[in-house]
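Position one of the sequence shown corresponds to residue 20 (the numbering used here), numbered consecutively onward.
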Amino acid sequence: MTVAGIISAIIVGLIIGALGRLVLPGRQNLPIWLTIVVGIIAAIVGTLIAQAVGVAVTDGIDWIELVFQIGLAAVGVALVSGMRGRSAV
Numbered sequence: 020m021t022v023a024g025i026i027s028a029i030i031v032g033l034i035i036g037a038l039g040r041l042v043l044p045g046r047q048n049l050p051i052w053l054t055i056v057v058g059i060i061a062a063i064v065g066t067l068i069a070q071a072v073g074v075a076v077t078d079g080i081d082w083i084e085l086v087f088q089i090g091l092a093a094v095g096v097a098l099v100s101g102m103r104g105r106s107a108v
């Protein structure tokens, strides 16, 4: 993997992870690096699912693939946040 590939994976992971946090109600007590990791994993798995379904490559923006990725990121953030426990504010 090239340096550009790593940087783009981090940027996509940050965006997908942030969108995953936005669709969840309430506050998630996760550090940004963990959000990025969840986002990167969700982006990769979402792309694999979209390829398996046959909607990964479409004309224009791949909305269905993005929905898969954001949904997986939301589930991942919820799971990781639940495993880490919530701190009292």
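Glycine included, C-beta positions come from ideal geometry on N, C-alpha and C.
Would you mind giving the Cβ-Cβ distance between residue i and residue j, rounded to the nearest angstrom? I have them listed as a contact below 8 Å.
i	j	result
Gly65	Gln88	3 Å
Ala61	Ile35	5 Å
Ile55	Gly32	5 Å
Classify residue i as helix, strand or coil using the three-state DSSP reduction.
i	result
Ser54	Looking at the sequence itself, residue 54 is Thr, so the reference to Ser does not match. It is helical.
Ala61	helix
Gly73	coil
Thr66	helix
Val99	helix
Leu49	coil
Is residue i close to chain D, meaning its C-beta is less than 8 Å from at least one C-beta of that chain?
i	result
Ile60	Absence of chain D from the displayed structure is noted, only one protein chain being present.
Considering only the beta carbon of each residue, do residue i and residue j sit closer than 8 Å?
i	j	result
Val57	Ala92	yes
Ala69	Ile83	yes
Val96	Leu43	yes
Leu53	Val99	yes
**Request:** Assess, as a yes-or-no matter, whether the segment 40 to 58 is touched by the segment 69 to 78 under the definition of 3 or more beta carbon pairs within less than 8 Å.
**Result:** no
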